[in-house]
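What follows is a short report on a single structure.
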Amino acid sequence: MTPQRQPQSWGTQVWLLLMLATGISTWGLPKQAMAPAIATAALLLIAAFKVRLVLLHFMELREAPRRLRLLFEVWLLLLTATLLVLYLH
Numbered sequence: 810m811t812p813q814r815q816p817q818s819w820g821t822q823v824w825l826l827l828m829l830a831t832g833i834s835t836w837g838l839p840k841q842a843m844a845p846a847i848a849t850a851a852l853l854l855i856a857a858f859k860v861r862l863v864l865l866h867f868m869e870l871r872e873a874p875r876r877l878r879l880l881f882e883v884w885l886l887l888l889t890a891t892l893l894v895l896y897l898h
């Protein structure tokens, strides 16, 4: 007898993580508690994290060939770094 597999709940877990990140970016960064530049940098980093989650899990890049996934990871890193440098400069 083979054990029954539980349905994968990674989609729900990722969705909950995305909702948590949205909550942090909406209510977790109080306007008067930090400098606007720091809050904006935090929002950009949260957005990059959310983009990575969506592309890896819902657009199935985690199953993609290694080169394509590496291209995505480098693209996201460069884009986020460029936006941060342009904003903070």
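For the sequence shown, my numbering gives the first residue as 810, with consecutive numbering after it.
Quick reminder that beta carbons are idealized off the backbone N, C-alpha and C, glycines included.
In this text, all values refer to a predicted model and were calculated from it rather than measured experimentally.
A check of alpha carbon separations from Q822 across A856, L893 and F867 identifies F867 as the nearest. Residue nearest to R861 within the set A846, T849 and R878 is R878 (criterion: CA-CA distance). Shown here, M868 sits in coil according to DSSP, grouped into three states, outside any helix or strand.
Apart from the 5 residues on each side of it in sequence, L885 sits with its Cβ closer than 7 angstroms to the Cβ of A857, V860 and R861 in its chain, given in chain order. Uninterrupted alpha helix (DSSP H) stretches at least 4 residues long and entirely within the stretch 819-849 occur at 819-832, given in chain order.
Between the alpha carbons of T891 and V883 lies a distance of about 12 angstroms. The beta carbon of W819 sits closer than 8 angstroms to those of H866, all from its chain and outside the five residues before and after it, given in chain order.
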